[in-house]
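Okay, so the sequence shown: first residue is 4 according to this note's numbering, each after it adds one.
Positions of the beta carbon are idealized from the N, C-alpha and C atoms, including for glycine.
Since the structure comes first, as structure tokens, the remarks are kept for the end.
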Amino acid sequence: MNWRNKLLALLLALPLLVGAQDVSFTDERKVSVEALTERPAWMEEMRARLDYLMNDPLLQTTQLGMMVYDLTTQQVVYARNERQRMRPASVMKLVTAITALDLFGSDYAYYTSICCTGKMLGDTLRGNLYCVGGFDPTVTVDDIKAMANDISNFGIHRIEGIVVADLTMKDTLMFGSGWCWDDDNDRLTPLLVDKKDQFVDVLLREMRAKGISLNVSLGRGKVPQGCTEICRYRTNIDKVLQRMMKKSDNLYAESMFYQVASKTSMKPGSANDAAGAVKRLVNRLGLDAKTYDIADGSGLSLYNYVSPELIVRLLRHAYDNRDIYDHLYPALPVAGVDGTLENRMKTGACRGNVHAKTGTVTGVSTLGGYCQAANGHNLCFAIFNQGLVKVSDGRAFQDKICDALCR
């Protein structure tokens, strides 16, 4: 029994121990005896509001799957087609983020390093320079300039050899399975600068700008044992998570997906390796992973099929684990405030209350995350709309659902 179950059992027992006294224990999640005893009436009222919204004309020609769960009392509030396999669009990023945080914890970091082999003859390196990619999407030209400066400070003013790109942390596929051929998608490579596949070219340019003479050829390979490290650049997972969720950045999501892959496989990481890690978590949480298809980490793929029930189960798992929730929750877009929800639910009870990941691909609009009901109960939810002619219709419907949950 986890700490929340124990607390709930204690709260339910207190009225028997203290009679008619008004007893209220609150933590940061606002669990109280009053909230628990009002549950039946509140639940019926909430379900009535949601039932009314099921008469929306939109649902006569489109598909809906949704689930709402009360995290305070640990029970389903509402469900409709919650087990239907549907395309998640960018709500898939919740699956990727929760899996990564569950596997690694919040202290995980991305690394990009520069090292060398060979001999130093004065200020000349006669050997190879290795650029070891860790699929860090945050690397900028300024970071490359700092790397070139570190190489110069190491004492290297001339290189005679090969500049090698080590891309072995992932497979050689540059695009995800099921991505549309006519989309302008970023290339999935472990060495990036400003999200472009130009790391080595920019490094060569910046080394020359630092006065380093280069008599080199270019190559690809794996960094050998005993390579002397010149510099290593670290990016915390939170920095990636913020842009991945707030701005729904697909490259950032795929970089996290391949972190999962590379850390759970002995070979260069693949999408299948990452999908396997996701499915192991799903099985551990009590759902049947064989029910779902996991093709990528961003939700771009046409081959992803999950359910609202799965998204809610993962959101529950995150809520129950501080080391996940305390990093996921602040990264989610906030209704009417920031990210992809900045221009939605700008007034009323939802504003500043709904923290959720949006999802949009052709014909599909999705939303999954957290909110707090008017009685202080914490809720999580997943809403999938499919078969839409206009995705704005799906967003409007989801906003109505959130309003019913929050007011």
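Residue i in three-state terms, based on DSSP
| i | result |
| --- | --- |
| V80 | strand |
| M177 | coil |
| R211 | helix |
| Q228 | coil |
| N307 | coil |
| A359 | strand |
| S93 | helix |
| S301 | coil |
| T141 | coil |
| R235 | strand |
| N324 | coil |
| E41 | Any reading at E41 is ruled out, since the residue's pLDDT is 48, under 50, leaving its predicted position unreliable. |
| S35 | Below a pLDDT of 50, predicted positions are generally treated as unreliable, and S35, at 46, falls in that range; the measurement from the model is reported next regardless. It is coil, neither helix nor strand. |
| Q63 | helix |
| D189 | coil |
| K199 | strand |
| D291 | coil |
| V340 | coil |
| M49 | helix |
| M69 | strand |
Residues near residue i by beta carbon distance below 6 Å, same chain, minus five either side
| i | result |
| --- | --- |
| A298 | S180, G181, S304, Y306 and N307 |
| I147 | V196, V205, L206 and E209 |
| R129 | G121, K122 and E163 |
| K282 | A292 |
| D139 | Y113, T115 and T238 |
| F260 | T99, A277 and G300 |
| N253 | S301 and L303 |
| G279 | none |
| L191 | M177 and E257 |
| T343 | S251, P336 and T361 |
First and last residue of the uninterrupted beta strand (DSSP E) at residue i
| i | result |
| --- | --- |
| N131 | Unbroken run through N131: none, as it is neither H nor E. |
| D217 | A small fix is needed here, since residue 217 is Leu in this sequence, not Asp. That run of the beta strand (DSSP E) goes S216 to R223. |
| T115 | A112 to C119 |
| I162 | R161 to D169 |
| C374 | V367 to Q375 |
| K122 | K122 to L124 |
Close-in-space but distant-in-sequence residues of the same chain around residue i (CB under 7 Å, 5 per side omitted)
| i | result |
| --- | --- |
| L284 | T102 and D105 |
| A38 | Low confidence applies here, because A38 scores a pLDDT of 47, under 50, leaving its location unreliable; read the following figure in that light. Contacts found: T75, N378, G379 and H380. |
| D396 | L61 |
Boundaries of the alpha helix (DSSP H) in which residue i is found, first to last residue
| i | result |
| --- | --- |
| A352 | Careful: A352 lies outside any alpha helix (DSSP H) and carries neither H nor E. |
| G397 | V394 to C409 |
| G279 | A274 to R287 |
| M248 | I240 to K249 |
| I386 | Run containing I386: none in the alpha helix (DSSP H); it sits in the beta strand (DSSP E), N381 to Q389. |
| Y261 | N253 to K266 |
Neighbourhood of residue i by C-beta distance below 8 Å, restricted to the same chain and skipping five residues each side
| i | result |
| --- | --- |
| I215 | A151, I154, S155, I159, H160, R161 and I162 |
| V203 | C134, V166, A168, L194 and L221 |
| G390 | T64, T65, Q66 and G366 |
Exposure label - residue i; buried when at least 16 CB within 10 Å
| i | result |
| --- | --- |
| A92 | buried |
| P193 | buried |
| L13 | Its pLDDT being 43, under 50, L13 is placed unreliably by the model, and the measurement read from it follows with that caveat. Label assigned to L13: exposed. |
| L53 | buried |
| D272 | According to the sequence as given, residue 272 is Gly; it is not Asp. With 16 or more Cβ atoms within 10 Å of its Cβ, G272 is classed as buried. |
| K96 | buried |
| G362 | buried |
| E48 | exposed |
| G372 | buried |
| M177 | exposed |
| E417 | Any answer about residue 417 is impossible in this case: the structure gives the chain only from 4 up to 410. |
| Y55 | exposed |
| M348 | buried |
| R223 | exposed |
| T369 | buried |
The segment 337-347 / the segment 314-328 touching (three or more Cβ pairs under 8 Å): no
Cβ contact (3+ pairs, closer than 8 Å) linking the segment 348-360 and the segment 133-142: no
The segment 107-115 touching the segment 228-248, judged by at least three CB pairs closer than 8 Å: They touch, by the three-pair rule.
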